[in-house]
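Below you'll find the structure, written out as structure tokens, and then a few comments.
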Amino acid sequence: MKVRLDKLLSERGLCNRSEVDKLIRLGEVDSRYGAKLVAKQKVEAEEILFRGEPLDPEKLYILMYKPQGFVCSHDDKGQLVYELLPERFNRRRPQVASIGRLDKDTTGALLFTDDGELNHRLISPKHHADKVYEVWLEKPIADWRVQPLREGGLYLEGESKPLLPAKCSLLLEGQAEILDIKQVTSAITQAQEANVEESDHLLLTLTEGRYHQVKRMFLALDNLVTKLHRVSFAGLDLKGLEIGQWRFLTNEELQTL
2 MKVRLDKLLS ERGLCNRSEV DKLIRLGEVD SRYGAKLVAK QKVEAEEILF
52 RGEPLDPEKL YILMYKPQGF VCSHDDKGQL VYELLPERFN RRRPQVASIG
102 RLDKDTTGAL LFTDDGELNH RLISPKHHAD KVYEVWLEKP IADWRVQPLR
152 EGGLYLEGES KPLLPAKCSL LLEGQAEILD IKQVTSAITQ AQEANVEESD
202 HLLLTLTEGR YHQVKRMFLA LDNLVTKLHR VSFAGLDLKG LEIGQWRFLT
252 NEELQTL
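Residue numbers (my numbering): 2 to 258.
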């Protein structure tokens with residue numbers, strides 16, 4: 002669909018509308034077909050080059066390996082996860098936003114998009130997207146003690162709605178941080194073969210998202226979470242990413258959401 006060039010570049014976060022004619026004169030905005038451009042003309046996004054590169058997609062779908070110490074907010078003070086994305090993404094309209102949040106001290110898989118419909122759908126209580134976490138506790142917990150989490154029905158303090166059942170497996174103490182889904186099965190198998198009956202290291206899969214949910218779940222079991230890492234969100238894991246890195250989702254991955 003054709004749209005005015007100045008509107009297109011402004012919505013993609015590349016410049017203000019008033020700057021477009023100047024950027025054209027400087028050769029920073031061009032047509033891949035060599036056509037002469039003016040700010041007010043209607044164009045197809047696919048034909049425009051900005052500083053020699055094609056424009057970013059109309060909608061952004063991003064997976065980040067969130068580092069510890071970053072806040073999932075546009076407004077808070079301190080280090081913000083949005084600072085890890087290119088500035089042009091943060092100038093987009095509509096604004097790029099994280100799909101749900103991770104606490105400041107939590108690491109792992111975090112999705113971003115400027116597709117408001119998808120964002121709303123994935124965080125809706127009706128959607129039940131799997132969220133897999135590695136959990137480290139202050140003190141070891143026995144396998145029988147986490148059974149209430151598996152069965153569901155547990156009430157968190159201050160809430161009137163019970164928790165849904167969650168998958169919960171003890172892991173070997175000292176197990177290295179899990180970065181992709183394939184490692185999950187291996188880690189669980191190793192713990193089962195070792196007949197682990199108590200551990201301070203667990204794997205937890207949730208299908209809902211409540212405020213500080215993981216920490217509050219273990220607090221209800223008289224324990225404290227000392228470290229939390231999200232291995233995957235809706236089947237998307239961190240394979241190939243280093244801490245602080247991000248990548249676009251593939252078309253195949255988008256089809257699974």
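Ideal placement from N, C-alpha and C gives every residue a C-beta, glycine not left out.
Check	Outcome
So, does the segment 205-219 touch the segment 131-148, judging by three or more C-beta pairs under 8 Å?	yes
Give me, in chain order, the residues of the same chain whose beta-carbon lies closer than 7 Å to that of K43; leave out the 5 immediate sequence neighbours on both sides.	K3, V4 and R5
Are there 16 or more other CB atoms within 10 angstroms of the CB of V39, so buried, or fewer, so exposed?	exposed
So, helix, strand or coil for T257, using DSSP?	helix
By Cβ distance below 7 Å, which residues in the same chain neighbour I179 in space, the five residues on each side in sequence not counted?	E135, V185, A188 and V232
Ends of the alpha helix (DSSP H) at S187?	I182 to E194
DSSP on F71, reduced to helix/strand/coil?	coil
Work out the CA separation of L239 and Q262 for me, nearest whole Å.	A question about residue 262 goes unanswered here, because the residues of the chain that appear run from 2 up to 258.
Quick check: L247 and L85, are their CB atoms within less than 8 Å of each other?	As written in the sequence, residue 247 is Trp, which differs from the Leu given in the question. Result yes, Cβ atoms of W247 and L85 sit closer than 8 Å.
Between which two residues does the beta strand (DSSP E) harbouring L111 extend?	T108 to T114
Considering L250, what are the terminal residues of the beta strand (DSSP E) in which it resides?	Unbroken run through L250: none, as it is neither H nor E.
How far does the beta strand (DSSP E) with S161 in it reach, from first residue to last?	Taken as a continuous stretch (DSSP letters only), S161 belongs to no beta strand (DSSP E), as it is neither H nor E.
Leaving aside the five residues before and after K8 along the sequence, list all residues of the same chain whose C-beta is less than 6 Å from its C-beta, in chain order.	none
Just to confirm, is the Cβ distance from L61 to F90 under 8 Å?	yes
Hey, quick one: how far does the beta strand (DSSP E) through K140 stretch, first residue to last?	K132 to A143
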